[in-house]
Structure formats: structure tokens, C-alpha cells
Amino acid sequence: MAWFGEPGDEHQVINHWLTLGPKLTVVTRGAEGADAWTADFHIHVPGIDVVVADTVGAGDTVNAGILASLSTAGLLEKSKLVTLSRNQVRHAVELGMRAAAVTVSRPGANPPWDHEL
């Protein structure tokens, strides 16, 4: 969080951010997975074991997978983001992690196609 210029404990900083408007905050942790917070809960999604060829684009791919999942489920509206359930967030972050696992398994920032997931 210090990189963002936010002093303090990670959980405190994220809880503060959530009071400022974001409905979902995700921290990616590479091979360790990702953590997601809403105002109501926190979940951890473990990383996926993969032989890494190149990490360029991994975080962007996680974000793209999360957004794709939420979009497909019709949840990318302010009124729906406020009411995200644990299962909806878990499903979205899991898709992001699966997509990133494919991306890092090959050279270059080369995200997967749907059929590769």
C-alpha cells in the first residue's frame, strides 16, 4: 500500500478505500493468489500452479478476467456492484486467476481466448 502513498496496515488502507466509493478492491499476489474485499467481506483465492514463462501482463489479465466475469453475469452496474455476494466475487477472481495462469505460461503479454479457459 505504501506504493500508493497510503501509510498503514493493508486491511486498514483497503477498508478506508472502500469508504471512498469503490465497491470491490482486489490485491493480486502472484503465485500466492489474490485477495478481494467488499464492504461486507474479504476472500482469498489461491494461485494456480503453472510453469512460468513470462509474468508480463499477469495483473492486467487478472483484472480483465474479473471484469469479464462480472460483465457476463450482468453485474457491472453501480446498483449491482454494491450487492456482490461472496460467490460472485470468488467466481470473478477465480476466472481472473485462471486467465493469468495461461498468460504467464507463455512468453509475452498474451492473454487467453475463451476456449483456453
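Straight run, no breaks: the sequence shown in full-length UniProt numbering ends on number 117.
The beta carbon of each residue, even a glycine, is placed where N, CA and C say it ideally should be.
- Would a C-beta distance cut-off of 8 Å place aspartate 54 and valine 104 closer than the cut-off? yes
- Task: Just list the beta strand (DSSP E) runs in the UniProt domain "Carbohydrate kinase PfkB" (2-114), keeping only unbroken ones of 3 residues or longer that don't cross its boundaries, in chain order.
- Result: 25-28, 34-37 and 42-45
- Item | C-beta atoms of isoleucine 66 and valine 93 nearer than 8 Å | Their beta carbons are under 8 Å apart, which means isoleucine 66 touches valine 93 by this criterion.
- Item | Cα-Cα separation between histidine 42 and alanine 36, rounded to whole angstroms | 6 Å
- Message: Using only the alpha-carbon positions, how far apart do aspartate 89 and methionine 97 sit?
- Response: The sequence given here has valine at residue 89, not aspartate. Straight-line Cα distance between these residues: approximately 12 Å.
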